[in-house]
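Notes to accompany the following structure.
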Amino acid sequence: MPKGEDLEAWPTAEINAKAFAALIPGRYFGDASSQLNSIAFSRTGLQAIVSTNDDSIYLYDLSTGHRARTVNSKKYGASHIRFVADATCAIHGSTKIDHTIRYLSLIDNKYIRYYVGHEGLVTGISTSANDDMFLSVSKDKTLRLWDSRATNCVGAVETSAPATAEFDAQGLCFGLAFSGTLRLYDYRAYQKGPFSKFVVPAEWSTEDWVAIRFSSCGTLILICTDIDKLLLLDAVTGEIKHVLQGHLNKPRFPLKGSFSPDSRYVACGSSDKKIHIWSTETGEMVHSFVKTPHQSAPLIVEWNPAFISFLSADKKLILWNPVLEDMEEEEQADKTE
30 MPKGEDLEAW
40 PTAEINAKAF
50 AALIPGRYFG
60 DASSQLNSIA
70 FSRTGLQAIV
80 STNDDSIYLY
90 DLSTGHRART
100 VNSKKYGASH
110 IRFVADATCA
120 IHGSTKIDHT
130 IRYLSLIDNK
140 YIRYYVGHEG
150 LVTGISTSAN
160 DDMFLSVSKD
170 KTLRLWDSRA
180 TNCVGAVETS
190 APATAEFDAQ
200 GLCFGLAFSG
210 TLRLYDYRAY
220 QKGPFSKFVV
230 PAEWSTEDWV
240 AIRFSSCGTL
250 ILICTDIDKL
260 LLLDAVTGEI
270 KHVLQGHLNK
280 PRFPLKGSFS
290 PDSRYVACGS
300 SDKKIHIWST
310 ETGEMVHSFV
320 KTPHQSAPLI
330 VEWNPAFISF
340 LSADKKLILW
350 NPVLEDMEEE
360 EQADKTE
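Below you can see the structure in the form of structure tokens.
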């Protein structure tokens with residue numbers, strides 16, 4: 030595991046198909062005793078936080094490769110955790126007692142604020158990169174908007190079915206997906222309704238959409254499903270640019286993939302424990318990690334927002350980072366060709 034100063038040697042500009050061959054499982058975090066249910070990076074990419082089905086929260090310092098903090102949430106449970114306040118605090122959903130969203134100080138392990146309003150299990154949380162806003166979706170068939178500095182919900186959108194939702198990379202709009210339709214809203218004018226509405230062809234509309242993800246470039250939207258296909262949409266027209274396939278998911282696991290920080294690639298797990306990477310330009314699979322340390326399907330694969338690195342999770346959390354010597358050899362070979 031590289032030291033903090035070595036992280037600068039993982040520039041996102043060099044992400045390419047050859048660089049994937051240099052990625053290895055550089056660190057194993059076996060703190061959890063059950064499935065991890067969410068992963069979030071700090072904006073710097075130097076910290077990661079996870080929540081687990083055994084009611085625990087773990088904070089990791091990726092510059093040292095060590096666990097920095099453990100928070101037990103046995104009373105309330107924990108899910109859909111996200112950083113807020115420059116990674117000094119986090120918000121998460123509850124899986125026990127009630128459906129409150131909780132604001133946790135990571136400095137002293139104390140809850141600072143509570144967001145009450147959902148009448149069903151919270152199924153997703155997304156934070157805005159632009160300000161202190163975040164959104165949540167729930168089995169109560171509502172999306173709620175919150176200012177993390179106050180406890181009252183500042184807005185709500187009703188849906189006809191449980192939904193998945195996400196802020197875009199700039200934090201200016203959010204996507205809301207349910208019943209085969211993706212709606213895009215300006216969060217400052219959500220009362221006016223969606224400014225775009227994309228109806229996905231019927232062959233995809235009956236599948237369970239697990240998550241939606243926006244590319245950092247703002248032109249692509251990834252729809253993660255519970256089958257062996259991912260949908261890559263044009264964010265302006267809603268056209269399906271590519272159907273990403275080649276991975277397995279016969280058990281219909283809720284596989285969550287993500288964009289690389291340069292938007293050129295998508296990574297996702299597979300029910301056979303493999304991890305695959307596709308080009309967003311061609312839709313073709315460009316690399317597969319066939320032998321992974323996972324004992325079961327990695328349900329979450331999350332790219333680091335700042336470096337050539339990603340995290341994958343089942344009961345174990347695996348940090349994938351490049352062997353720098355291999356990357357240097359590849360670069361030298363390219364220069365001599």
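Mapped onto my numbering, the consecutive letters of the sequence shown carry residue numbers 30 to 366.
By construction, the Cβ of each residue, glycine as well, lies at the ideal position given by its N, Cα and C atoms.
Let me make sure I understand the geometry here. Which of the options has the alpha-carbon closest to that of residue i?
i: Phe112; options: Leu172, Leu133 and Tyr143; result: Leu133
i: Val79; options: Asn350, Lys344 and Glu268; result: Lys344
i: Ser245; options: Ala198, Val186 and Lys139; result: Ala198
i: Asp255; options: Ala50, Ser289, Gly94 and Trp238; result: Trp238
i: Ile269; options: Ser62, His276, Gly275 and Glu310; result: Glu310
i: Pro280; options: Gly286, Asp160, Ser287 and Ser299; result: Ser299
i: Leu174; options: Asn138, Asp215 and Gly209; result: Asp215
i: Ala119; options: Ser177, Asp301, Pro191 and Glu43; result: Ser177
i: Tyr57; options: Cys202, Tyr89 and Asn82; result: Tyr89
i: Thr81; options: Thr93, Asp60 and Gly94; result: Asp60
i: Ala190; options: Thr180, Ser167 and Ser308; result: Ser167
i: Asn66; options: Tyr219, Ala240 and Asn138; result: Ala240
i: Ile130; options: Val315, Gly106 and Leu346; result: Gly106
i: Val330; options: Val315, Cys253, Gln274 and Asp127; result: Cys253
i: Met162; options: Tyr140, Asp84, Lys139 and Leu201; result: Leu201
i: Ala114; options: Val228, Glu43 and Asp160; result: Asp160
i: Ala158; options: Thr180, Phe243, Leu211 and Arg212; result: Phe243
i: Gly222; options: Cys182, Thr266, Leu211 and Arg293; result: Leu211
i: Ala179; options: Ile136, Ile141, Gly153 and Leu340; result: Ile141
i: Tyr219; options: Val228, Thr156, Val100 and Val183; result: Val183
i: Leu249; options: Ala97, Tyr294 and Thr156; result: Tyr294
i: Leu135; options: Val319, Phe227 and Thr117; result: Thr117
How close, in whole Å, do the beta carbons of residue i and residue j come, if the pair is a contact with beta carbons under 8 Å?
i: Glu393; j: Asp169; result: Within the shown structure, residues of the chain are numbered from 30 to 366, placing residue 393 beyond reach of any answer.
i: Asn278; j: Leu52; result: At roughly 22 Å, the Cβ-Cβ gap does not stay under 8 Å, so Asn278 and Leu52 are not in contact.
i: His109; j: Val151; result: 6 Å
i: Val272; j: Leu260; result: 6 Å
i: Leu205; j: Ala185; result: Going by Cβ atoms, the distance from Leu205 to Ala185 rounds to 12 Å, so no, they are not a contact pair.
i: Gly286; j: Ala264; result: At roughly 16 Å, the Cβ-Cβ gap does not stay under 8 Å, so Gly286 and Ala264 are not in contact.
i: Ile86; j: Ser62; result: At roughly 14 Å, the Cβ-Cβ gap does not stay under 8 Å, so Ile86 and Ser62 are not in contact.
i: His316; j: Cys297; result: Incorrect: roughly 12 Å between the Cβ atoms, too far for contact.
i: Leu164; j: Phe207; result: 14 Å between Cβ atoms; not a contact.
i: Ser289; j: Ile68; result: Actually they are not in contact, since the Cβ atoms of Ser289 and Ile68 sit about 15 Å apart, beyond 8 Å.
For the beta strand (DSSP E) containing residue i, list its first residue and its last residue.
i: Phe49; result: From DSSP, Phe49 is part of no beta strand (DSSP E) but of the alpha helix (DSSP H) over Ala46 to Phe49.
i: Pro54; result: Leu52 to Phe58
i: Glu187; result: Cys182 to Glu187
i: Val100; result: His95 to Asn101
i: Leu75; result: Careful: Leu75 lies outside any beta strand (DSSP E) and carries neither H nor E.
i: Ser155; result: Val151 to Thr156
i: Arg173; result: Thr171 to Asp176
i: Asp90; result: Ser85 to Asp90
i: Val166; result: Met162 to Ser167
i: Ser108; result: Ser108 to Val113
Looking at the ligand HEM, does it come within less than 7 Å of residue i, judged from the CB to the closest heavy atom?
i: Lys302; result: Within the structure as shown, the ligand HEM is missing, as the structure has no ligands at all.
Between residue i and chain B, is any beta-carbon pair separated by less than 8 Å?
i: Val100; result: Looking at the structure shown, chain B is missing, and only one protein chain is on hand.
Would you mind listing the beta strand (DSSP E) stretches within the stretch 117-141 that are 3+ residues and don't spill past its ends, in chain order?
You should have 118-122 and 130-134.
Report yes or no: do three or more beta-carbon pairs, one from the stretch 61-79 and one from the stretch 327-339, lie closer than 8 Å?
yes
Does the count of Cβ pairs from the stretch 318-325 and the stretch 286-305 closer than 8 Å reach three?
yes
Going residue by residue through the stretch 252-314, where are the continuous beta strand (DSSP E) segments of at least 3 residues, counting only ones entirely within it?
258-263, 269-274, 294-298 and 304-308
Could you tell me which whole beta strand (DSSP E) segments of length 3 or greater appear in the stretch 192-237?
The stretch 192-237 contains these whole beta strand (DSSP E) runs: 193-196, 202-207, 210-215 and 225-228.
Which runs of the beta strand (DSSP E) spanning at least 3 residues fall entirely within the stretch 326-356, listed in chain order?
329-332, 339-342 and 346-351
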